[in-house]
Amino acid sequence: MNSLPAALALSLRQLGDRAILGVLFKTALITLGIFLAGGAALYVGVERAIDSFTQADTSAFGALVAAAGMIIAGWFLFRVVALFVLQFFAEDVVRAVETKHYPHAAHGVRDIPFTEDVGNALRSLVRTVLANAAALPVAALLLFTGIGAAVVFWAVNAFLIGRELRDMVWIRHRSDPAESAPMGGVNRFLLGGVVVALLAVPFINLLAPIIGAAAATHMVHRARQRVPNA
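When the letters of the sequence shown are read in order and numbered with the working numbering, they come out as residues 45 to 274.
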């Protein structure tokens with residue numbers, strides 16, 4: 045059975061593994077570092093912009109604007125940055141899950157070159173930005189409903205993230221780029237939806253990409269076991 049609840053349960057049980065903790069530490073550190081660097085750049089930019097119009101001390105105001113900017117950016121962009129960073133370490137998560145649960149599949153996998161990782165991460169980033177930009181008009185029309193806009197963005201990102209998580213696993217095993225992945229569209233969407241929801245919860249959002257990558261590994265391999273000659 046390749047159900048989502050079973051995959052999530054197995055993923056949660058493996059969070060304490062040394063390899064998983066290592067990826068969690070690296071991705072969390074880099075992700076937070078990106079936001080801190082962005083906040084520092086925003087602070088400097090605001091302070092210099094205000095200095096060009098006034099001679100008053102603007103350090104406190106600049107810090108306030110930078111803090112507010114980081115909070116807003118964190119809310120809207122965290123999932124984008126976290127998944128972008130995870131692209132470079134996903135192989136470690138997938139390998140840890142395969143070694144423990146699917147040792148037969150852990151042999152003969154394709155090593156992903158760094159340049160391919162970069163290309164995959166950039167394509168993912170572009171898809172995310174374009175898809176969310178395209179969803180903006182629809183979300184704006186549904187603002188009056190109170191929840192419609194949130195549902196639109198949830199659905200768009202559930203589709204995107206489900207695809208990215210599946211591909212993180214599948215590209216290591218497929219023999220041909222045109223080969224279809226065994227993980228069904230419904231399961232992929234549901235996995236993405238769970239991860240999108242987790243990414244909206246403070247602190248839990250640091251774990252969400254790791255849980256998603258591990259769960260996708262279980263779902264892909266359990267689906268492969270049901271496909272003849274997979």
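Ideal Cβ placement from N, Cα and C applies to all residues, glycine included.
Assign residue 211 to one of two classes, buried (16 or more other C-beta atoms within 10 Å of its C-beta) or exposed (fewer than that). buried
Rounded separation between residue 234 and residue 148 - CA only: 27 Å
Taking the continuous alpha helix (DSSP H) assigned at residue 154, which residues delimit it? Bounds of any alpha helix (DSSP H) do not take in residue 154, whose DSSP letter is neither H nor E.
Enumerate in chain order the residues of its own chain whose CB-to-CB distance from residue 67 is below 7 Å, with the five nearest sequence positions on each side excluded. 133, 136, 137, 254
DSSP state of residue 62, grouped into three classes? Correct three-state label for residue 62: helix.
Leaving out five residues on either side along the sequence, give the residues of the same chain with a beta carbon under 7 Å from the beta carbon of residue 260. Closer than 7 Å at Cβ, skipping near neighbours: 209, 210, 212, 213, 235.
What does a CB cutoff of less than 6 Å around residue 256 pick up in its chain, not counting 5 residues either side in sequence? 209, 239
Close-in-space but distant-in-sequence residues of the same chain around residue 262 (CB under 6 Å, 5 per side omitted): Taken in chain order, the residues that qualify are 51, 54.
Need the endpoints of the alpha helix (DSSP H) that residue 208 sits in, please. 192-214
Contacting residues, own chain, Cβ-Cβ under 7 Å from residue 200 (five flanking each side not counted): When the five nearest sequence neighbours on each side are left out, the beta carbons in the same chain lying within less than 7 Å of the beta carbon of residue 200 are those of 175, 176, 179, in order along the chain.
Taking its Cβ as the centre, do 16 or more other Cβ atoms sit within 10 Å of residue 265, making it buried, or is it exposed? buried
Outcome for residue 159 when other beta-carbon atoms lying within 10 angstroms are tallied against a minimum of 16: exposed
Cβ contact (3+ pairs, closer than 8 Å) linking the stretch 121-132 and the stretch 188-197: no
Whole angstroms are fine: how far does the CA of residue 229 sit from the CA of residue 223? 15 Å
For a test of the three-state rule: what should DSSP assign to residue 263, helix, strand or coil? helix
Quick check on DSSP: helix, strand or coil for residue 123? helix
Taking only three categories from DSSP, how would you classify residue 57? helix
Coil, strand or helix - residue 258 by DSSP: helix
Other residues of its chain near residue 165: CB distance less than 6 Å, five sequence neighbours each side excluded: 128, 131
Just the Cα atoms here: how many angstroms apart are residue 146 and residue 57? 15 Å
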